Every structure is written in structure tokens, then in C-alpha cells.
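Residue numbers (our numbering), protein chains in the order written: chain P, 1 to 113; chain A, 114 to 227.
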């Protein structure tokens, strides 16, 4: 069965620190990859996505992610985090042409001011 | 734009009671989804509707039923609530996720079953 693993369930960083959140998936074929974010009290929203082309994808608010096919990974990065980045981050994968996204368990990120 | 609207936002039920969660979207999307979110488990798909008139089971459909009333509305019904159904429920909509990928979510409905 397809699955998505997010390695860290909780991450605590200080402002201006660099961020990398891991995401690995298990599927050997073509995939579409997503990172969603849920800020406190808000609904989930798309942060960035990869369908094809340049494996380094840039999203909103300075986030980026790199698709490494050989490692089945799609890690999320940000060079310098801000207090407002405190949120829960979800990696998701769409494998094939069906309508189902497979979701990771999420990573709660807390930024200390 | 309202986007995706879910009601109610909070509900407490007793075991065995029934209820319906309502969802409506105003973006003219073809596809709609119901997810549940549990701590440490991410989102799990309950049911989805790829287009008006169709519904399909997701990963965790047991104990739930859905109705795609029209293109705008997609409801989720719990016929006999159980404590295991205590969760946060999210409705979402999209065009074809295989081509656009983006899901638009409602604000969630927190359900507690005692």
C-alpha cells in the first residue's frame, strides 16, 4: 500500500533558524507531491506542489521543496523561519490518476520568538 | 468568496445518535471530499465524489454515508455515532486533482461522541 512518512512529529526552532521537514513516500511510479500548511485556527491551504519539471519547487512565504526521485523524498525547506511559520505541515502524494491523496501524519512546527 | 463552508463547526453526540455534516462550495468544482483528521494520523479520506452524481469510498468509509446533493453540496452522515468517530472532519473540493492538485478545505467540524 502507498504511504507517506513525515519523520518529525514535532519541531521546535528559534526565529531565523533554518528549517527542513522530511517527507518520504512509497510508490514507484509517477507521483504528484504536495505540502499543505494549517496555521492555528485556520483551514488547510496549499504551500507548494510538484507535478513535473524542475525538481526544486518554490512556494508561498519563502518555502521551497526538492523532489529527489531516487530517494522517494520531497523535503520542505526554509532558510530562515519566522514566528508566523508556527503551524502544522502536511506532506501529501497523489499517485496515478485517481482522486485520492495519501497524507503524512503531519509535523507540528513551533517557532520561538 | 466563501470557498468551502462546513456546518456545524462543533457537535457533541451520544453514542447511537445520528447527524449530518453539511458542506457547500462556491467555486464550481467538480470534485468534493470528506476527510477525518486524528492526532498523529494525518488526514484520512472517508468518501469522495469525483463529479456530480458519483460517490466513492475512501480509506475509512465504515460508519458513514454521503450524498452529493448537487454540484455545490456534499453531505456526510453518521447513522449511529460511535466514540471512535470522535474526530475533526474536513470537507474539501477541487477540480481534477490529477491535473491541478490543489484541494480547498473548509474550516473543519469538531465532533465528539460520548
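Glycine residues also receive a C-beta, built at the ideal position from the N, C-alpha and C atoms.
Here the structure is a predicted model, which is why all the values come from computation and not from measurement.
Only buried fits residue 111 of chain P, as 16 or more other CB atoms lie within 10 angstroms of its CB. With fewer than 16 other Cβ atoms inside 10 Å of its own Cβ, residue 183 of chain A counts as exposed. Residues of the same chain with a CB within less than 7 Å of the CB of residue 82 of chain P, apart from the 5 flanking positions on each side, are 15 and 111 in chain order. Among the residues of the region 138 to 167 of chain A, those with a Cβ less than 7 Å away from any Cβ of chain P are 144, 153, 154, 155, 156, 158, 161 and 163, in the order of the chain.
Look at residue 7 of chain P: its C-beta is not under 7 Å from any C-beta on chain A. Contact with chain A is absent for residue 35 of chain P, since none of that chain's Cβ atoms lies less than 7 Å from the residue's Cβ. Contacts between residue 49 of chain P and chain A, judged by CB atoms closer than 8 Å, involve 214 and 215 in chain order.
Per the C-alpha coordinates, the member of P/80, P/102, P/30 and P/101 positioned closest to residue 62 of chain P is P/80. Proximity of chain P to residue 203 of chain A at the Cβ level (cut-off 9 Å) is accounted for by 43 and 44, in chain order. Within the same chain, and ignoring the five residues on either side of residue 131 of chain A in sequence, the residues whose Cβ sits closer than 8 Å to its Cβ are 190, 191, 192, 193 and 194.
Residue 40 of chain P and residue 85 of chain P have their alpha carbons spaced roughly 10 Å apart.
In the DSSP assignment, residue 103 of chain P forms a beta bridge with P/92. Residues 38, 106 and 108 of the same chain have their beta carbon placed closer than 6 Å to that of residue 88 of chain P, with the five preceding and five following residues left out of the count. A Cβ of chain A is located within less than 7 Å of the beta carbon of residue 32 of chain P. If you look at residue 60 of chain P, you'll find it isn't in any beta strand (DSSP E); DSSP assigns it neither H nor E. Under the three-state reduction of DSSP, residue 42 of chain P is assigned to coil, being neither helix nor strand.
Here DSSP, grouped into helix, strand and coil, assigns residue 184 of chain A to coil.
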